[in-house]
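So the sequence shown is numbered by my numbering: it starts at 89 and just counts up by one.
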Amino acid sequence: MGGGDRTAKAIVADQISQAVNSTANLLHLMRQSSSSQAQLAKLPKNLLAKTSLTKATGQALAQLPQVISSLDAHIESGLNRTINLQSPVEHFRRMASSDL
């Protein structure tokens, strides 16, 4: 995989960063203007509880280009084997048709 993967990864990282910043800003504004402080105080704890899931998702996304590259190489290899088999198969077909 080439430079395009780095660009895609950077775009995703930027979008995640923007979402986190937007959420933090929203929570900050809600704390300043809302009368339901007890409910808002629970939100960051709930978000922090999901940190490990977020990290695991990030790790999976980081590995995705390598997985796709490996899968692509495997498919390419399979296609090459199929092409290499076509010659012997056609040879056997010709032999079979000439025997008839």
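Using N, Cα and C, we set each Cβ at its ideal position, and we do this for glycine too. In this text the structure is predicted, and so the values were computed from the model without any measurement.
*Look at Leu256 and Val100 and say whether their C-beta atoms are less than 8 Å apart.*
Residue 256 lies beyond the residue range present for the chain, which begins at 89 and ends at 188; the question has no answer from this structure.
*Pairwise C-alpha distance: Ser165 and Lys30*: Coverage of the chain is limited to positions 89 through 188, which leaves residue 30 absent and any answer about it impossible.
*Lys138 by DSSP, collapsed to three states: which one?*
On the sequence shown, position 50 is the one that residue 138 refers to. Under the three-state reduction of DSSP output, Lys138 falls in the coil class, being neither helix nor strand.
*Alpha-carbon to alpha-carbon, Gln103 and Arg182*: Here residue 182 corresponds to residue number 94 of the sequence shown, with the count starting at 1. Here residue 103 corresponds to residue number 15 of the sequence shown, with the count starting at 1. Approximately 59 Å between the Cα atoms of the pair.
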